[in-house]
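Visitor: Residue 188 in the working numbering sits at position 188 of the sequence shown, and the numbers go up by one each step.
All C-beta atoms, glycine included, are put in the ideal place defined by N, C-alpha and C.
All figures in this text were calculated on a predicted structure; none of them were measured in a lab.
Dumping the structure here so I can ask a few things about it.
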Amino acid sequence: MKILKIIIFLLLISGYSYADVIQLKSGELIKGVVSEETAEYVVIDSEVDVKITYYLDEIDNIIYDDGRVFGKGDKLETENLEKDSQESDLIQNLKKYETKSIEELNIDKTSEYMDRQVSIQKKKIRRKIDKKIAELKKVHPKSSRILVYFDRLTKKVNTAKVDKIIRIFTTTSPTVYFMIYAMFCFPFMLLAKKMRCSMFLSWVPFINVLVMLRMADKSFFWFFLFFIPIVNIFILFSVWRSICDILQQPPWLGIFAIIPGLNLFMVWYLAICPSK
């Protein structure tokens, strides 16, 4: 048992014989192992296995286990470390800025490339049209004159304004489209209820056309007439003329159905106005 105690004592002595020694400005000596060093403080593993933090302004000197002594040299080294750390942060910020700049440059290059490709395609199409007009002029001069006339009309069209209109339609939120659709469907639903037709089918696209035909007391065959260009304009007027007649309203109100803006006013008016 005595031999075991002696071995443990020797191990403890040998374990801390290589420890660092810290002398505080108060004169106190601290023995331990420096586990962490920064530009402002050091962390010591003490003999009782507890980590203690000491700030540099509290420390007079440190004697490391390898023989180095904390002093002006170490202060300069910590300052250099701090400077190196600041330089490292600066380099990282520069790298981030360079990466961001490169990404923005790539986006700009992509945009320029697409614009250039569109311009090239426009020129190619223009050359093809001019070539076809020249070929048609040799074969059929009269037809070529008509084609030249329409070609001049298309050149007068402001493509920038057309692109702007297309961009508005493509970037508009779906919520806006639903609100516009609801402005028509809600009064149409009230009108369907007023005429004892299916209310909720008024919200279903294409099916609401069948509801409209039922309100006008028209046959199912009229549904297919709505898909014939130009004819559908007269069909729409005729259907709403019949609805106005059934509601004992002036039949000429049906003309509003084919006029944008006024058609919405007409539906709201027929839905709200009292029946005679």
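By Cβ distance below 6 Å, which residues in the same chain neighbour residue 53 in space, the five residues on each side in sequence not counted?
Guide: Correct list, in chain order: 41 and 43.
Visitor: Helix, strand or coil: which one does DSSP assign to residue 211?
Guide: In the structure shown, residue 211 sits in a helix (DSSP, three-state: H, G or I).
Visitor: If you measure between the beta carbons of residue 239 and residue 191, is that distance less than 9 Å?
Guide: No, they are not a contact pair.
Visitor: Below 8 Å on the Cβ atoms is my contact criterion, and I expect residue 212 with residue 195 to pass it. Report the Cβ-Cβ distance as a whole number of Å.
Guide: In fact, because the Cβ distance is near 10 Å, the residues do not count as touching under 8 Å.
Visitor: Helix, strand or coil for residue 254 per DSSP?
Guide: The answer is helix: DSSP assigns residue 254 an H, G or I state.
Visitor: Helix, strand or coil, according to DSSP, for residue 62 in the structure here?
Guide: In the structure shown, residue 62 sits in a strand (DSSP, three-state: E or B).
Visitor: Spatial neighbours of residue 241 within its chain, please: CB distance less than 6 Å, with the 5 preceding and 5 following residues excluded, ordered by chain position.
Guide: The residues are 251 and 254.
Visitor: Going by other Cβ atoms of all chains shown within 10 Å of its Cβ, with 16 needed for buried, is residue 244 buried or exposed?
Guide: Result: buried.
Visitor: Report the rounded CA-to-CA distance for residue 77 versus residue 31, giving the unit in angstroms.
Guide: Its pLDDT being 45, under 50, residue 77 is placed unreliably in this model, and the value from its coordinates should be taken loosely. Approximately 23 Å between the Cα atoms of the pair.
Visitor: Look up residue 43 in the DSSP assignment and give the residues it is bridged to.
Guide: 36 and 53, per the DSSP bridge assignment.
Visitor: As a quick exercise: from 26, 25, 28 and 56, pick the residue whose alpha carbon is nearest that of residue 36.
Guide: Nearest C-alpha to residue 36: 56.
Visitor: Report buried or exposed for residue 202, applying the criterion of at least 16 other Cβ atoms within 10 angstroms of its Cβ.
Guide: Flag for residue 202 reads buried.
Visitor: Assuming residue 225 and residue 258 make a contact with CB atoms under 8 Å, what is their CB distance in whole Å?
Guide: With 8 Å as the limit, residue 225 and residue 258 do not qualify as a contact, their Cβ atoms being about 14 Å apart.
Visitor: Helix, strand or coil: which one does DSSP assign to residue 266?
Guide: In this structure, residue 266 counts as helix in the three-state DSSP scheme.
Visitor: Identify, in the order they occur along the chain, each residue of the same chain with its Cβ nearer than 6 Å to the Cβ of residue 208, setting aside the five sequence neighbours on each side.
Guide: 202.
Visitor: What are the partner residues of residue 125, as DSSP defines its beta bridges?
Guide: Its beta-bridge partners do not exist; DSSP assigns none.
Visitor: Given this structure, state the Cα-to-Cα distance separating residue 181 from residue 262, to the nearest angstrom.
Guide: Taking the straight line from one Cα to the other gives about 15 Å.
Visitor: Per DSSP, residue 30 forms a beta bridge with which residues?
Guide: For residue 30, which the question treats as bridged, DSSP gives the partners 22.
Visitor: Quick one: what does DSSP say residue 242 is sitting in, helix, strand or coil?
Guide: Three-state result, residue 242: helix.
Visitor: Quick check: residue 210 and residue 247, are their CB atoms within less than 9 Å of each other?
Guide: No, Cβ-Cβ distance for residue 210 and residue 247 is not below 9 Å.
Visitor: Taking residue 227 as part of the alpha helix (DSSP H), name the residues at either end of that continuous run.
Guide: It is not in any alpha helix (DSSP H) - residue 227 carries neither H nor E in the DSSP assignment.
Visitor: Along the chain, where does the alpha helix (DSSP H) that runs through residue 221 open and close?
Guide: Residue 221 -> no alpha helix (DSSP H), and no H or E assigned at all.
Visitor: Quick check on the DSSP output: the alpha helix (DSSP H) that includes residue 197 runs from which residue to which?
Guide: Segment: none, residue 197 is in no alpha helix (DSSP H) and carries neither H nor E.
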